[in-house]
Each structure stands twice: as structure tokens, then as C-alpha cells.
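Here is the structure we will look at.
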Amino acid sequence: MNENLLILMAFLPFLGALTPGLAIRAGRNVCTGFALAPTLVALAALAVMVPVVWQGGVIEARLDWLPALGLSLGLRLDALSMMFAGMILGMGVIVTIYARHYLSGEDPMGRFYTFLLLFQGAMLGIVLSANLLVMVIFWEITSLASFLLIGFWSHLKEARQGARMALAVTGLGGLALAAGVLVLGQIAGSLDLAVVLEKGDEIRAHALYLPALLLILLGAFTKSAQFPFHFWLPHAMAAPTPVSTYLHSATMVKAGVFLLARLWPVLAGTDAWFAIVATTGLVTMLVGAAIALFKDDLKALLAYSTVSHLGFLTLLLGIGTRAAAIVAVLHVLTHLTFKATLFMVAGIVDHSTGTRDIRRLGGLAGLMPITATIATVAGLSMAGIPPLNGYLTKEMMLEETTHALWLGSHWAMPAVATLAALFSVAYSLRFVGHVFFGAPRDSYPHEPHEAGPGLWGGPAILALACILLGLMPQLLAAPLVERVAAAVVGAPVGPLKLKLWHGVTPALLMSGVAVLGGIVALANYARVAAAWRRLLSIEAKAIFTALVACAGRISARISARLHDGSLSRYVAIFVTATVAVGAAAFLGAAHVPGTRPMLPVPLPIAVIWTISLICVGAIVLLHRERFIALILVAVVGLSVSVAFVYLSAPDLALTQVSVETVTTLLMLLALNFLPKQTPVESSAGRRLRDGIVAVAAGAAVGALSLIFMTRDFQSISAYHLANSKTGGGGTNVVNVILVDFRGFDTFGEIIVLGIAGLTIYALLMAMLDGRAGRRLRQWRPLERRSGDRHPMMMVVIARLMMPLSLMVGVFIFLRGHNQPGGGFIAGLIIAVAYLVQYMASGFQWTQARQRIEYHGLIGAGVFIAGLTGMAAWFFGRPFLTSAFGYVKPPLIEKFELASAMAFDLGVFLTVLGAVMLALYSLSTMARTAGETVNVEPMDVDPTQEPDEGEVA
Amino acid sequence: MELLIATGIGVLTAAGIYLTLRLRSFPVVLGLALLSYAVNLFLFSTGRLVTGAPPILSKDAAAYTDPLPQALVLTAIVISFGMSALLVMLALGSYLEGRDDGVEGDGAEDAPEATSGEAR
Numbered sequence: 000m001n002e003n004l005l006i007l008m009a010f011l012p013f014l015g016a017l018t019p020g021l022a023i024r025a026g027r028n029v030c031t032g033f034a035l036a037p038t039l040v041a042l043a044a045l046a047v048m049v050p051v052v053w054q055g056g057v058i059e060a061r062l063d064w065l066p067a068l069g070l071s072l073g074l075r076l077d078a079l080s081m082m083f084a085g086m087i088l089g090m091g092v093i094v095t096i097y098a099r100h101y102l103s104g105e106d107p108m109g110r111f112y113t114f115l116l117l118f119q120g121a122m123l124g125i126v127l128s129a130n131l132l133v134m135v136i137f138w139e140i141t142s143l144a145s146f147l148l149i150g151f152w153s154h155l156k157e158a159r160q161g162a163r164m165a166l167a168v169t170g171l172g173g174l175a176l177a178a179g180v181l182v183l184g185q186i187a188g189s190l191d192l193a194v195v196l197e198k199g200d201e202i203r204a205h206a207l208y209l210p211a212l213l214l215i216l217l218g219a220f221t222k223s224a225q226f227p228f229h230f231w232l233p234h235a236m237a238a239p240t241p242v243s244t245y246l247h248s249a250t251m252v253k254a255g256v257f258l259l260a261r262l263w264p265v266l267a268g269t270d271a272w273f274a275i276v277a278t279t280g281l282v283t284m285l286v287g288a289a290i291a292l293f294k295d296d297l298k299a300l301l302a303y304s305t306v307s308h309l310g311f312l313t314l315l316l317g318i319g320t321r322a323a324a325i326v327a328v329l330h331v332l333t334h335l336t337f338k339a340t341l342f343m344v345a346g347i348v349d350h351s352t353g354t355r356d357i358r359r360l361g362g363l364a365g366l367m368p369i370t371a372t373i374a375t376v377a378g379l380s381m382a383g384i385p386p387l388n389g390y391l392t393k394e395m396m397l398e399e400t401t402h403a404l405w406l407g408s409h410w411a412m413p414a415v416a417t418l419a420a421l422f423s424v425a426y427s428l429r430f431v432g433h434v435f436f437g438a439p440r441d442s443y444p445h446e447p448h449e450a451g452p453g454l455w456g457g458p459a460i461l462a463l464a465c466i467l468l469g470l471m472p473q474l475l476a477a478p479l480v481e482r483v484a485a486a487v488v489g490a491p492v493g494p495l496k497l498k499l500w501h502g503v504t505p506a507l508l509m510s511g512v513a514v515l516g517g518i519v520a521l522a523n524y525a526r527v528a529a530a531w532r533r534l535l536s537i538e539a540k541a542i543f544t545a546l547v548a549c550a551g552r553i554s555a556r557i558s559a560r561l562h563d564g565s566l567s568r569y570v571a572i573f574v575t576a577t578v579a580v581g582a583a584a585f586l587g588a589a590h591v592p593g594t595r596p597m598l599p600v601p602l603p604i605a606v607i608w609t610i611s612l613i614c615v616g617a618i619v620l621l622h623r624e625r626f627i628a629l630i631l632v633a634v635v636g637l638s639v640s641v642a643f644v645y646l647s648a649p650d651l652a653l654t655q656v657s658v659e660t661v662t663t664l665l666m667l668l669a670l671n672f673l674p675k676q677t678p679v680e681s682s683a684g685r686r687l688r689d690g691i692v693a694v695a696a697g698a699a700v701g702a703l704s705l706i707f708m709t710r711d712f713q714s715i716s717a718y719h720l721a722n723s724k725t726g727g728g729g730t731n732v733v734n735v736i737l738v739d740f741r742g743f744d745t746f747g748e749i750i751v752l753g754i755a756g757l758t759i760y761a762l763l764m765a766m767l768d769g770r771a772g773r774r775l776r777q778w779r780p781l782e783r784r785s786g787d788r789h790p791m792m793m794v795v796i797a798r799l800m801m802p803l804s805l806m807v808g809v810f811i812f813l814r815g816h817n818q819p820g821g822g823f824i825a826g827l828i829i830a831v832a833y834l835v836q837y838m839a840s841g842f843q844w845t846q847a848r849q850r851i852e853y854h855g856l857i858g859a860g861v862f863i864a865g866l867t868g869m870a871a872w873f874f875g876r877p878f879l880t881s882a883f884g885y886v887k888p889p890l891i892e893k894f895e896l897a898s899a900m901a902f903d904l905g906v907f908l909t910v911l912g913a914v915m916l917a918l919y920s921l922s923t924m925a926r927t928a929g930e931t932v933n934v935e936p937m938d939v940d941p942t943q944e945p946d947e948g949e950v951a
Numbered sequence: 000m001e002l003l004i005a006t007g008i009g010v011l012t013a014a015g016i017y018l019t020l021r022l023r024s025f026p027v028v029l030g031l032a033l034l035s036y037a038v039n040l041f042l043f044s045t046g047r048l049v050t051g052a053p054p055i056l057s058k059d060a061a062a063y064t065d066p067l068p069q070a071l072v073l074t075a076i077v078i079s080f081g082m083s084a085l086l087v088m089l090a091l092g093s094y095l096e097g098r099d100d101g102v103e104g105d106g107a108e109d110a111p112e113a114t115s116g117e118a119r
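Here the protein sequences come in this chain order: A and B. The opening position of the first sequence corresponds to residue 0 in numbering that gives the first Met the number 0, with each subsequent residue numbered one higher. The opening position of the second sequence corresponds to residue 0 in numbering that gives the first Met the number 0, with each subsequent residue numbered one higher.
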């Protein structure tokens, strides 16, 4: 029961993501409803599961994919993932409602909710994954969803740049994480989270611990915007505010923190962990807070503040003690409550005043009292003023820093932390004071007005939580934090005592210094800001852009060297390398000649062999004369089909003959528009080199096939021969293999053929619009046209032959299951029948009498074949299981009816459609190039008097 | 017989690769056609050579040749038609869009132009 609920909860957002895009047609409220429904249902599912986890249980569900390789989609709900899932879904509800009122009428709301739900599903996937590799996949999906959401207003340059930057940084981190997880899995012998969590000691002692740690930290730090990867987060603020609230403050940026917490029992506790993680966290906390104070854009201020608080969390996890980890858990909740509130407040201010620039704001308290109250509560909580919840965790954090020995000193870390707290007080008060208090301005970009409850409702709830969690932490937060912290550290955590007043402690003194210092700094803001601007103005974005440009130049240079567009060079390298590898393998072992006796050579075969070899030689020598070379290639193709006839392969012979005909016609049509000669371009040395490469490869392939043919072997075909009649209902084993035993292959192949046909048509259409089309319309053929292009003899014979050819095609098709033939061959034969008609009477004349679209034939063919395959499902059998029976229609013989025949019909239609579409495309080129259209079937009308007819 | 087929495959492969190494698209298309004959024969030959024993079940047949390579080759022949047609179309497109029918990327832009069949 709970297992299914867990699976449901994990997949609901993905399923739900499909609906808003459609529901938007029914209006914005319906769309919001459809976006809200999956989140609410998932939240309800979570609520049902909470009691189990509350009792210390872990709910696990598993969908096997490749059990033999240990690959499965495992989900796992423990206290840590429960808290994050609750945050993701709860904030999802709040943000969805907020976005309904935030987005304007022109914004594509359906698309927005689809992206948002996609993100929500991926984020849930991260926290619920029981397998590290699966988690990495969801991790990357969140990066993609974040890219789409940051770039949501794609007409804005900042949005596009911000989206690219975020994707580059977090995507790169994701790759590092994937590598780190694989190393970790190698050490632990499993990617299963439960197994990895058990092997902490073993992993920390392993030689590969440090590389794994560094790679995983790279993933976590990029995602959670830790210095020096923090710069993408402020640029991500180009996203709509609901996105900033949800992804870039409440959930996604905490994924890195989540990862650190999740792997805390495995990776934490070493010197390397403390040195890297705690230092990074501390530096990030200070840098973020300092920059935040000097940002004038409300969202930029909040973005740097988020960076700072993510550093706060990283620092706590990096300290590596259980007590610090507990504080980290509590602060995840605390930060969510005040920061999401402030983001939404920033959105409201932007909405109602038309600006987010602090310098143009002030005195809004009287105009927007509700928003001002909410902002004040959340802002003071962010500043860490009692009795709000921000105070609680800040005190606990400062307390933890006093226990840490950093840079060889007990003073260093508390000092830096206090400085960061000072900046934090200053920017928080600036956010509240400079926006809502002070004298109202004479004018704002828009006339400010209080927002509706749809906008302030969500923030109000969160602001209330700030107060309640601050006043009653023991009652409201302690039970949850105890359980989550136990899941983080991997051991039970004793009863927590959360309270505001601890007596006069070092932390209280540090806090006091921070608050006073912050107030002083803000009072002298103008001077402090001027000093800051003098001090440093490094723009991370410029560095990033330069780095990206440099990487682009380097890769362009490398690919220009390796990938210069010369086909002959690629082929030469490929062939030489293949022959070398094969030769090395061959010469490295001992060989004995084969023992299978060779067949005798009858005289006719020897003659044909000689002719075709002469032809091949002539092709190589005369290939510059393209017409001759083409005809000689056709002769070789016919010799190959004779070989098939002689060597017991009638189906292949039939296929080869008909394909040869069609191919040659097509090539002739194409040659019409190509140069008729190939100029001499390569030097003699070059030709010698090519010759050596070619002869070496030919010798190797020939020798290989001789080695094959002179040895006996055990074929798997015995099964096919034995079951062809009884299981597939046909005596032509080749055809039964195609339509039955390996029907799925054939299905794929006709799809490929159909795609080839459609691509040819698409290429033609693209060409006709462009330069090639202009060139064709001005085409002057060099050859003199035949005076009698549609000769009467040929037209008459072709028209007489047409019904006969069609009948042969149908016959070949019908008998194909038992005798040589089948859909492939029948399709080709009927195509040839049509081709003859086209050749005799011209394309236009024939086309006017041919009312079936060739595209449609391809589609119908694939459709029929697929439908036949699916029919088997209704009988509870796998795709493409065939059935057959015999019927005895009146007048003709007993007749077999197999479902495979319907499949073969699909093959037939696709082949016919693809061949004819290719021909149609080339003929269209001819018509564009001024080929005249004939109205009559032949040039000479035999019914007319000679003196009237032949004037031209 | 085996020797003839093996030499045939070898010669076809060598000629096909030689033509594929040329600098213009039409020889390349012809070369690939020869190469596909070679490959089809090669695949076919993995079922070993047998005469007079087609894989059509009947009461009087004593033995059958291996049908599986035949089935594979049959679709390969049809697919290679599709690929040839596509290649020809690409060759046409690149010739009509560009200056000549070279296959050497940008480097061949300076190569002497073909003289016949040229659009003016």
C-alpha cells in the first residue's frame, strides 16, 4: 500500500506536467487547478505515509528495470526525504497559487506550469531516490527544468544569458557528480543508497575517497551556488519571481545541501571534509552576505542572501559534528520560511510599484500595510532578531563555530561568522527599512496598491510560521528535527532542547555585536557603499563569459583540426585503422587452413565471375565517365543476383534484380543534373596511396570471408527451419523469418526505409526553395533532347504490360509466405511496373492518372504493420506474435491466411511508397528544370493525319 | 567456388573503397554501391555456400541452406537502396547549392569546376 503510494507520489508531478499545457485552453483558473491537483494529491499521499516514517520506519519501493545488472528505479522515504518532499510539495502549492496571480495575461501560463511540475517531479526524484545513479539523473533534470524556467521570458536577453549560465555551471557540476557517484559506487560495490550508507568507514579509508569526495562536492557546490560557483544564482533571477522563490531559494539550490546531508554519514568526519566543506561554506556565507548589502535590486539582494545562507548550511554540515548537523536541518526549514516569503514580497513590490530598485522605493508601509507587515516579520527573522526563528538558528550556528578549530585558531571561524552575521543584519534591515519605511516617495513608476490575497496569502502563512517556530520551537520543530537529524547522521539523536534564551553565552555576545554593527553600518550606508565600490568590483559574469569564449575557441580549433569536412580523409583514416586493428589481431595468433570442402565451379559461373571482375576493373579505370561507370555497376549488381540464384537464395536474387533496376533508374535521373565527367583532381601519389589502402582492405575482407566459408559451423537456423511451417505457417523460411521470427527487426527496417523516403522528399522541398531551386529554374541542358521522348512502341507495350506486371506483383506477394517472394519483392516489382509507365509516357501524364499519395502509402504501410503487431496484444501475446489458418474460398484452391500476411502488406506498402516517393522527388526536379509536360501519352498521335500531326 | 566468391568480395571491397576515397560525390555513391554488394555477399557467405538447397520447405528436399543470413541480407539490400537514394539526393543538393560536387568540405571550394552540365 505504502509502496504504491510512494510510486504514485513520485510520478504524479511528471504525469501532471502533461495537463496544464492543454488545460490553458479552458482558462487560467482551470489551468491552475490542473497544476495544483497533482501536487495536492501527492501531498495527501505523503501525509498518509508520514506516520510510518514518524515511527522511525523507512518506506521503500522498487521498479525493476534490468535486475540482472542491479539497475532499478528504487524509491526510499525516510525522515530526511520526508522533510524535503514536504517542502517541495508544500512550496509547490504556495508557488502555484502565487504564480496564478503573478503571471500576466500574455505569459504562456500552461507552459509555465508544465515546466514547474517537471521540475517538481525531478526534485522529488532527487530526494526520494534509493539509487545514487537514479538520483544523478533526476539531478540533471532539475538543471534542465531550471534552464527552461529561468529562460521562461525568452525575449529578454538577461533571461537567455542567465539560463545558459545556470545550465553550464550546474550541468557541469552534474557531470562531476555523476563521475563521483560512480567512483563511490565502485568503492562501496553498489549504487544502492542503503548499502553505501552502511559502508562509511570502509569508504573513508579507501584510496579513492578523496577523488570521489572532490567530484561529489563539485556537484553539490555548483548546485548550491557555493563560492566560487555562486555567480549563476544572481543571474538566475531573470526568471519570473515564482521561479526564484521555488527553485532558487526554497528547493533546487538546496539539492546540494541535501546531497551533503544525505551522504554525511559516508563522507563527513575526515580532515579533508572539514577543510573543504566548512571553509567553502564559511567563505560563501561571508561573500554572499557582503555582496547582498550593496545590491540595489531587491531580487539580487535576496539572491546573494540566499548564497550566503546556503554557505551557512554548508558550513554547518562541513563542521562535521552531530550538533552542527542538527542545526543545519533546522536552518533548512528556517531559511525556507523567511526567504521564500521575502522573494514573494519582492514580487509583490515589483508588481505594484513597477520597480525592484531599492533606491527608487521607500515608505511603502502606509500604502501596502499587509505586505509591509509580512516583509518586516520575515526580514527581521532573516536578520536574526528574537523572538523569530531566524534568531534561533543563527545563535545555534554561532555557538557551533566557537567549537571549531579553523586555521589553527579557535577565534578565526567565530570572527568570520560574526562578520557575516553583521552583513546579514545590515542587508535584512535595508530590505525592510529602505523599501517600506522612511518617507513615502512623491512618485513611483506605478501607483502602489496593496496586492490581493492571492499574492500575499502564501507569504502570510510562511511569515506566521516564522513567528510560531521562533516562539514555540520545542513544540513545533523539535520532534521533526530530531527525526530528520537522526536520518542525516545515521544514528538516533537524543531529545533536543530548542529555546530562545540560553543565558549569556559567547553566541549571544557575537549576535549582539552583529546586530549593533549591522545597524551602524546601515546608518552610514552611503559611506560604506562608496568604500565597497572603491574596494573591489569584480564582475563574475565577465570572467565566466571570458572562460566560455576561451573554451569555445579551443574546441573550435580542435574540431577544425580533427573534423575538417574532408570525407576522403575520414574514410582513409577509418579504413586504415580498421585494417590495422584486424591485422594486428589476425597476426597475433596461429592459424590453420579450413577443412570444409569447396564447391566445384561450373563454367557459366566462371564466365560470369570473369565478366563482373572485368566490369569492376573497368569501373575503377573509367569512373570519370560517369554514365559508363553507372551502367557497369548495374552489370555487377546483376552478376551478384546470378550468384544468389546459383547459391540457393531465390529471394535474394529477386530482391537484388528489382532493386538494381530501381536504383539504376534513379541514378540516371540524378546524373541528368550532375556533371557527366569527374575531373582529375588527385595526384598520382594520392591515387597510389588510395589504391594501397583499398587493396589492403579488399584483401583483408576477402581473406576473412574465405576463412569463414572454409570452416563448418553450428547455425541457430535449425530452429527456424524446424518451426517455420508449424509455428509461422509458411514454407518460405526466409520470408517467415522476416515477417514472423524477426518481425520486430523488419518493422524497424521499414520505418527506416519510410524515413529515408520522406527525408528525400523533405530535402527536395528545402532545395527547391533555396539557391538550388533558382539554379534549376534557369537550367540549360547541354545534351540535345530526343525528338521522340515518348515513343509509340514503348508506350503501347508499357500500357499492355501494366496489368500483367501488377498481377505478377500481387502473385509474388500472395505466394511469398510459401514460395520465393513477399512484401519486399512485390513492392519493388510493382514499383518497377509504375516506373516503366512513367518512363514511357512521362511523369506528368502518369501522375495525373495516379491518385494515391506516396507519403500516405508509407504511413499506411508502417501503420498496418504496427497494427498487426499490436493485434497480438489482444490475445495476450507479445507484440508481433503471428497466427494463421486456412480458408477454402469457392472456385480457387485452399488458401492460407496468416496474420503475418497483413504485416507483409505493411512492408509492401512502405517499400512501394518509399521507392515511388524517391522517384517522385527526382522527377519534380526535372520539371522544375523545365522538363516539358506531355498531355498526350505519346509524342505521336496515331489517330491524326500525318500532315497535321508532325509539325514540330 | 568459395575462392571465387572470396576474391569477388575482396575485389568489390577494394574497388568500392577506392571510389569512396575520390573527391567527387558521384564516384563516392558508386563506390558505396559496390561496397554494399561486397557487404551483402559477405554477410550471405557467413551462411556458407550451398547449391540446390533453397530454404523453401518441401517433402523431397534433403537439406536446406542457412536461411538466417538470407533474411538479413534481404532487408540490407532494400535498406541500401534507401540509403543510395538519399545519398544521391544529398549529392544533388550539395552540387546545386554549392559550386561543384566535391566532398571535401570547405577545402574543395577552390578545386576546378566541372565543365559539363553546368548551369549558367
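The C-beta atom is built at its ideal place from N, Cα and C for all residues, glycine as well.
**Asked** At a Cβ cut of 8 Å, what residues of the region 54-71 of chain B count as close to chain A, listed as they run along the chain?
**Response** So the list reads 54, 55, 56, 57, 63, 64, 65, 66, 67, 69, 70, given in the order they occur along the chain.
**Item:** Nearest residue (CA-CA) to residue 956(A), options 927(A), 799(A), 278(A), 337(A)
**Value:** For chain A, the structure presents residues 0 to 951; residue 956(A) sits outside this window and is missing.
**Prompt:** Does residue 745(A) come within less than 8 Å of chain B when only Cβ atoms are used?
**Reply:** Residue 745(A) belongs to the set of residues whose beta carbon lies under 8 Å from a beta carbon in chain B.
**Message:** Is there a Cβ of chain B sitting closer than 8 Å to that of residue 680(A), yes or no?
**Reply:** For residue 680(A), at least one C-beta of chain B is nearer than 8 Å to its own C-beta.
**Prompt:** Can you tell me whether DSSP reads residue 676(A) as helix, strand or coil?
**Reply:** DSSP places residue 676(A) in strand when its eight states are reduced to three.
**Request:** Starting from the beta carbon of residue 31(B), find every residue of chain C whose beta carbon is closer than 7 Å, and list them in chain order.
**Result:** In the displayed structure, chain C is absent; the protein chains listed are A and B.
**Asked** Does the beta carbon of residue 715(A) come closer than 8 Å to any beta carbon on chain B?
**Response** Chain B has a Cβ within less than 8 Å of the Cβ of residue 715(A).
**Prompt:** If residue 81(A) and residue 52(A) are in contact, beta carbons under 8 Å, what's the gap, nearest whole angstrom?
**Reply:** Contact flag correct, Cβ pair sits at about 5 Å.
**Asked** What residues from chain A crowd round residue 98(B), counting only those whose CB sits closer than 9 Å?
**Response** By Cβ distance, chain A contributes nothing, its closest Cβ being about 11 Å from residue 98(B), past 9 Å.
**Message:** Just verifying my parser: in three-state terms, what is the DSSP assignment at residue 107(B)?
**Reply:** The pLDDT assigned to residue 107(B) is 40, lower than 50, so where the model puts this residue is not dependable; a value taken from the coordinates is nonetheless given after this. Three-state result, residue 107(B): helix.
**Message:** Using beta carbons (cut-off 8 Å, strictly below), is residue 846(A) in contact with chain B?
**Reply:** No Cβ of chain B is located within less than 8 Å of the beta carbon of residue 846(A).
**Request:** Output, in chain order, the set of chain B residues within a Cβ distance shorter than 8 Å of residue 570(A).
**Result:** Taking the beta carbon of residue 570(A) as reference, the chain B residues within 8 Å of it are 16, 19, 20, listed in sequence order.
**Asked** Between 589(A), 132(A), 155(A), which lies nearest to residue 185(A) when the distance is taken from Cα to Cα?
**Response** Comparing Cα positions, the closest option is 132(A).
**Prompt:** Can you name, in chain order, every residue of its own chain whose Cβ lies under 6 Å from the Cβ of residue 198(A), other than the five neighbours on each side?
**Reply:** Only 187 meet the Cβ criterion.
**Below-8 Å beta-carbon distance, residue 130(A) vs any chain B residue** = Between residue 130(A) and chain B, the shortest Cβ-Cβ separation is not below 8 Å.
**Asked** Quick one: any contact between the region 156-170 of chain A and the region 193-212 of chain A, if contact means 3 or more CB pairs under 8 Å?
**Response** Verdict: no, contact absent.
**Prompt:** From 276(A), 10(A), 343(A), 237(A), pick the residue whose C-alpha is nearest to that of residue 93(A); which is it?
**Reply:** With respect to the C-alpha of residue 93(A), the residue from 276(A), 10(A), 343(A), 237(A) having the closest C-alpha is 343(A).
**Prompt:** Roughly how many angstroms separate the alpha carbons of residue 48(B) and residue 723(A), rounded to a whole number?
**Reply:** Between the alpha carbons of residue 48(B) and residue 723(A) lies a gap of roughly 21 Å.
**Nearest-angstrom Cβ-Cβ length linking residue 149(A) and residue 237(A), presumed shorter than 8 Å** = Yes, residue 149(A) and residue 237(A) are in contact; Cβ-Cβ is about 6 Å, under 8 Å.
**Any chain B beta carbon closer than 8 Å to residue 442(A)** = It does not; no Cβ of chain B falls within 8 Å.
**Prompt:** Does DSSP put residue 930(A) in a helix, in a strand, or in coil?
**Reply:** DSSP places residue 930(A) in the coil class of the three-state scheme, outside both helix and strand.
**Message:** Quick check: the Cα distance between residue 45(B) and residue 581(A), rounded to an integer number of angstroms?
**Reply:** Approximately 18 Å between the Cα atoms of the pair.
**Asked** Expressed to the nearest angstrom, what Euclidean distance is found between the alpha-carbon atoms of residue 209(A) and residue 182(A)?
**Response** Roughly 10 Å between the two C-alpha positions.
**Asked** residue 815(A): which of 903(A), 880(A), 109(A) sits nearest, CA to CA?
**Response** When each option's Cα is compared against that of residue 815(A), the closest is 903(A).
**Prompt:** Can you tell me the Cα-Cα spacing of residue 118(A) and residue 468(A), whole angstroms?
**Reply:** Distance between the alpha carbons of residue 118(A) and residue 468(A): 28 Å.
**Asked** With a cut-off of 8 Å, does the C-beta of residue 169(A) fall near any C-beta of chain B?
**Response** No, because no Cβ of chain B sits closer than 8 Å to the Cβ of residue 169(A).
**Prompt:** So is residue 54(A) buried or exposed if we call it buried at 16+ other beta carbons inside 10 Å?
**Reply:** Under this definition residue 54(A) is an exposed residue.
**Three-state secondary structure assigned by DSSP to residue 408(A)** = Three-state DSSP puts residue 408(A) in a strand.
**Asked** Which word fits residue 448(A), buried or exposed, when buried means at least 16 other C-beta atoms lie within 10 angstroms of its C-beta?
**Response** Exposed.
**Request:** Name, in chain order, the residues that DSSP records as bridge partners for residue 73(A).
**Result:** According to DSSP, residue pairing for residue 73(A) in a beta bridge involves 61(A).
**Message:** Just to confirm the assignment, what range does the alpha helix (DSSP H) spanning residue 65(B) have?
**Reply:** Note, residue 65(B): premise wrong, no alpha helix (DSSP H); not H, not E.
**Prompt:** Taking the C-alpha atoms as reference points, what is the distance between residue 776(A) and residue 929(A)?
**Reply:** Between residue 776(A) and residue 929(A), the alpha-carbon positions lie close to 7 Å from each other.
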